[in-house]
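Remarks on the structure that follows.
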Amino acid sequence: MSAIQATGGELTRVEDSEAIGPIPKELAILFVVAGVGGVLLPGPIGTPFLIIGAVALWPQLLEAADRGIRERFPRAHHCGVRQVKRFVADLERRYP
């Protein structure tokens with residue numbers, strides 16, 4: 358997926374392997390449910406799902422939240438995106 362990056366006052370399109378892209382509303386609700394269930398279980402396993410689902414339900418916040426988390430917590434962002442992509446790939450494989 359490509360993203361737009363500003364460098365030196367010029368906008369350029371770059372490939373972003375960590376970009377998730379637009380998320381359908383049904384999948385966002387599923388992420389919120391999985392996130393709440395994951396938060397109730399021990400460990401931080403549900404936090405990425407809860408964040409992605411909540412932000413996907415309000416698309417105007419998606420860019421700002423993604424950029425803020427990516428800049429402040431790059432390792433956590435990378436791990437969370439990887440976990441969400443695995444979940445989506447598993448869903449697509451099971452329910453084509």
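The working numbering puts the sequence shown at residues 358 to 453.
All C-beta atoms, glycine included, are put in the ideal place defined by N, C-alpha and C.
Quick caveat: nothing in here was measured; it's all calculated off a predicted structure.
Gly403 and Ala385 - do their beta-carbons sit closer together than 8 Å?
For Ala385 and Gly403, no; Cβs fall outside 8 Å.
State the Cα-Cα distance for the pair Trp415 and Ile426, rounded to the nearest angstrom.
The alpha-carbon atoms of Trp415 and Ile426 are separated by roughly 16 Å.
Here's a check: name, in chain order, each residue in its chain whose Cβ is nearer than 6 Å to the Cβ of Phe388, leaving out the five neighbours to either side.
Correct list, in chain order: Phe406, Ile409, Gly410.
Can you tell me whether Val393 is buried or exposed? The criterion is at least 16 other CB atoms within 10 Å of its CB, across all chains shown.
Val393 comes out exposed.
Would you give the residue range spanned by the alpha helix (DSSP H) that Gly394 belongs to?
382-397 is the extent of the alpha helix (DSSP H) around Gly394.
Whole angstroms are fine: how far does the CA of Glu420 sit from the CA of His435?
Cα-Cα distance, rounded: 16 Å.
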